[in-house]
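Right, one structure below, let's go through it.
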Amino acid sequence: MKVVVVANPKGGAGKSTLSTNIAGYFASQGHQVMLGDADTQQSSKFWLSQRPETLPRISTWEYQPDLVLTAKPPRGTTHVVIDTPGGISGWRLQEVIERADKVIVPVMPSVFDMQATNEFLLQLVQITEKLPTRVAVVGNRVDTRTISAANLRKFIESLQVPVLSYLRDTQYYLHMAAHGLSMFDITPSKVQKDLEQWVPICHWLDQD
């Protein structure tokens with residue numbers, strides 16, 4: 592069973608957006624997916640509640656703050672995606688990472704996000720030093736025309752962590768979230784540019 596964790600200590604970094612779209616991608620490939628929402632805001636769980644029954648099913652669990660990973664996935668589950676809470680650290684962070692095959696860290700183009708992410712990645716490097724867990728970064732809500740986007744790219748490229756992609760700032764993500772949809776649930780021609788940005792992320796997720 593493959594476990595993918597989406598984590599960043601800062602709220603509003605786009606963890607739920609990434610988590611729901613990763614779950615949607617796995618489901619579109621025919622996998623049996625569980626989306627675990629460990630965030631108190633329960634954004635991913637709301638997304639699931641809006642998901643049309645005609646789409647590939649994604650299961651979930653009931654939220655329990657101190658028992659994030661004790662929930663047993665439904666029988667036959669092949670892929671688990673965990674949407675972690677902002678501020679996760681210490682033993683809770685270590686417990687989640689030790690059970691993960693891969694960790695994706697979203698980061699937005701703001702100085703506060705970059706500072707928090709830098710410190711967080713240092714923690715991840717220490718935790719995963721002797722683990723097979725793979726860590727990667729995704730730039731989120733990036734407008735390539737701005738100075739902040741250039742600063743984000745410079746910051747990310749300075750990290751000793753793979754950068755998978757830079758996702759553009761588009762209203763599509765908000766509209767899809769309101770209806771329980773992912774990029775992989777709608778007509779490709781409508782989101783072609785966004786799907787192209789997801790190609791390296793999906794490739795990395797599919798690697799063993």
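592 is the number of the first residue of the sequence shown in my numbering; add one for each residue after it. Using N, Cα and C, we set each Cβ at its ideal position, and we do this for glycine too.
Looking at the DSSP output, residue 774 shares a beta bridge with no other residue. By the Cβ criterion, the stretch 725-732 is in contact with the stretch 692-708, since at least three pairs of Cβ atoms, one from each stretch, lie closer than 8 Å.
Straight-line spacing of the CA atoms in residue 648 and residue 703 works out to 36 Å.
When the Cα atoms are used, residue 720 and residue 650 turn out to be separated by approximately 32 Å. In the structure shown, residue 664 adopts coil according to DSSP, grouped into three states. The alpha-carbon of residue 737 is positioned some 25 Å away from that of residue 711. Taking C-beta separations shorter than 6 Å and ignoring five residues to either side along the sequence, the partners of residue 670 in its chain run 593, 617, 622 and 624, following chain order. In summary, residue 758 is buried, with 16 or more beta-carbon neighbours lying within 10 Å of its beta-carbon over all protein chains present. Beta-bridge partners of residue 697 (DSSP): 729. For residue 595, same chain residues with a beta-carbon under 8 Å away, outside a window of 5 residues either side, are 613, 670, 671, 672, 673, 691, 692, 693, 694, 695 and 796 in chain order.
Residue burial is scored here from C-beta neighbours: residue 635 has at least 16 other C-beta atoms within 10 angstroms and is therefore classed as buried. The beta carbon of residue 668 sits closer than 8 Å to those of 592, 623, 624, 625 and 650, all from its chain and outside the five residues before and after it, given in chain order. Closest option to residue 755, judged by alpha-carbon separation, among 726, 765 and 770: 726.
Check the Cα spacing between residue 739 and each of 724, 772, 689 and 760: the tightest is with 760. Cβ neighbours of residue 764 within its own chain (closer than 7 Å, five residues either side excluded): 608.
At the C-beta level, residue 785 and residue 767 stay beyond 7 Å of one another. Pairing residue 602 with residue 677 gives a Cβ-Cβ distance under 7 Å. According to the DSSP assignment, residue 673 belongs to the beta strand (DSSP E) that extends over 670-674.
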